[in-house]
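Participant:
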C-alpha cells in the first residue's frame, strides 16, 4: 500500500458487486447527518425502524432520526442492551415480536445503528421478518465498519458457539461515518483495529507494512488514517465477498484467527471481559505459530505479528487474556463445533508468511493440542469463573 495516498477529503465509495443485490459502502466523516438523503433513493418506502443499543442511542440516535425525518421517513426506534449477550435467540424473538406488533409492511426498512452486535442482529431480523425486508447498516464501531457491517453475514450466538445461527442477507447501503469513531472507547477502537490488520495478513503484505508504521496513530484516533484504513479494508472485503458471497471458498480466509477466537469468546461467556477483536488478535498469533510449527512459515513471521499487536496494546499471549482457567480440551471441543467444520475436520486459516494465508483441514490434532498446551500452561492463573 502507498502510505502517502490519501482518499478524497470528504468521501470514498466502495462498491460491493453482487449483481442485482450490489450496494455501496460510503466512507467519510459526516455521513450520519446525510442518512435520509442517502437512503431515500434506495428504499421502497418511507417507513423505518432504527435498531440500536442504549449506549449508541445516547450518542447518535437523535442525529440519525433527524436526518431520516428530514427526508420524509416515518421512524420508530427499538433499543436493545449493549454487548454480546444481546446477540442471542431470546433477544431475537423479542425484537421480532416487538416489530411485528407495530404492524409493519414489507416496504418498512430496518436501520442498524451500532456495532457488530446490533448489525448482526438487525440483519438477521430483516432476513426473516415477513420473509425479508430491506435493511441498512450504519456501523458506529471500527470493527463493524471494516468487517461485520459489510458482506451480508447476519446471526446470533448459541450456547454451543458464536454465530452458529444466521443467514446471508445483504444490506441496501452501508454508511461508515468515521466521525462516530470519535466517541468510541479506546479499548473498542483497539479491538476493531485487529480486523484491519487481518486484511494485510491475508493477502496484502504492503498494507501490513503500512500499518506497522501508522497503526499507533490510527488507534489513537487520527481521522485521516482511519478513513484511509477503513476504505482500504472495505475494498478488500468487497472484492472477496463479490467472488465468494456465501463463504464456499476464499471468503473463509477472512476468518484468520477466528477458529481460536470464537472458542475463547465462548469459554469466556460473552460477558464483556474479552472483546471479539481481542480474542481475534490472540487467535491470529496462534494461527501464525501453528503455521510455523507445521513448517508453513517461519517463526519470525509469527513473532512479527505478535510484536505489532503488542506494540499497539492488543493481546498477543494467553497471559494477556482475562484471568480465567482456560481448559484446553474445552477449547478444542468448541473448535470442533465451529460452523466451518467439514466432514468432521476443523478448518483453519494458516499462512505461508505475511500476506499468504490459505485454508487447511489437515491440522494434526496432536499439533493443535501441543500448541494450546504451551500457550495456556500457566499454573498461577486464577480460576475466577
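Numbering (the numbering used here), first residue to last: 495 to 879. We put the beta carbon where it would ideally sit given N, CA and C, even for glycine. These numbers come from a predicted model, not from an experiment.
Taking the alpha carbon of residue 523 as the point to measure from, which residue in 763, 716 and 748 has its own alpha carbon closest?
Facilitator: Taking only the C-alpha atoms, the option nearest residue 523 is 716.
Participant: State the CB to CB distance for the pair residue 521 and residue 670, rounded to an integer number of angstroms; the pair is presumed to be in contact (CB under 8 Å).
Facilitator: Right, their Cβ atoms sit about 5 Å apart.
Participant: Thinking C-alpha only, which one of 858, 782 and 603 is nearest residue 665?
Facilitator: Taking only the C-alpha atoms, the option nearest residue 665 is 603.
Participant: What are the boundary residues of the beta strand (DSSP E) that includes residue 818?
Facilitator: Premise fails: residue 818 is in no beta strand (DSSP E) and is neither H nor E.
Participant: Tell me the rounded alpha-carbon separation between residue 630 and residue 592.
Facilitator: Cα-Cα distance, rounded: 19 Å.
Participant: Should residue 677 and residue 660 be called a contact, given that it needs their Cβ atoms to be closer than 8 Å?
Facilitator: Contact flag unset, no.
Participant: Starting from the C-beta of residue 710, find all residues in its chain whose C-beta is less than 8 Å away, skip the five residues before and the five after it, and write them out in chain order.
Facilitator: Once the five neighbours on either side are set aside, the close Cβ partners of residue 710 are 805 and 806.
Participant: For residue 508, which residues does DSSP report across the bridge?
Facilitator: Answer is 519, bridged to residue 508.
Participant: For the alpha helix (DSSP H) containing residue 903, list its first residue and its last residue.
Facilitator: As shown, the chain starts at 495 and ends at 879. That puts residue 903 outside it, with no answer to give.
Participant: Quick one: what does DSSP say residue 728 is sitting in, helix, strand or coil?
Facilitator: DSSP places residue 728 in helix when its eight states are reduced to three.
Participant: Distance check for residue 818 and residue 875, CA to CA, integer angstroms please.
Facilitator: Note on residue 875: pLDDT 41, under 50, position unreliable in the model; the coordinate value appears next. In a straight line, the C-alpha of residue 875 is about 7 Å away from that of residue 818.
Participant: Hey, is the segment 830–841 in contact with the segment 771–788, meaning 3+ C-beta pairs nearer than 8 Å?
Facilitator: Touching, no.
Participant: Excluding sequence positions up to five away, which residues of its chain have a Cβ less than 6 Å from the Cβ of residue 547?
Facilitator: If we look at residue 547 and ignore the five residues flanking it on each side, its Cβ neighbours are 574, 576, 608 and 612.
Participant: Using only CA atoms, which one of 586, 799, 563 and 535 lies nearest to residue 688?
Facilitator: The shortest C-alpha separation from residue 688 is found at 799.
Participant: Which term fits residue 873, buried or exposed, when burial requires 16 or more other beta carbons within 10 angstroms of its beta carbon?
Facilitator: Caution is warranted here: a pLDDT of 45 is assigned to residue 873, below 50, making its placement in the model unreliable, and the coordinate value is therefore given only provisionally. Label assigned to residue 873: exposed.
Participant: Could you tell me which whole alpha helix (DSSP H) segments of length 4 or greater appear in the segment 566–647?
Facilitator: If we require 4 residues or more, the alpha helix (DSSP H) runs fully inside the segment 566–647 come out as 583–595 and 610–622.
Participant: Give the C-beta separation of residue 650 and residue 623 to the nearest angstrom, bearing in mind that I take them to be a contact with Cβ-Cβ under 8 Å.
Facilitator: Not confirmed; about 14 Å, so no contact.
Participant: Residue 670 lies in the beta strand (DSSP E); which residues open and close that run?
Facilitator: Its beta strand (DSSP E) spans residues 667–671.
Participant: Just verifying my parser: in three-state terms, what is the DSSP assignment at residue 542?
Facilitator: Here residue 542 sits in strand by DSSP.
Participant: Within a Cβ cutoff of 7 Å, which residues of the same chain sit near residue 501, ignoring the five residues on either side of it in sequence?
Facilitator: Residue confidence is low: residue 501 scores 46 on pLDDT, short of 50, so the model does not pin down where it sits. No coordinate-derived value is stated.
Participant: Shorter than 7 Å, the distance from the beta carbon of residue 663 to the closest heavy atom of the ligand COA, or not?
Facilitator: What this structure holds is no ligand at all, so the ligand COA is not there to describe.
Participant: Classify residue 802: buried if its beta carbon has 16 or more other beta carbons within 10 angstroms, exposed otherwise.
Facilitator: Residue 802 is buried by the Cβ-count criterion.
Participant: Would you check if the segment 855–865 and the segment 680–695 touch, i.e. whether three or more CB-CB distances between them fall below 8 Å?
Facilitator: No, they do not touch.
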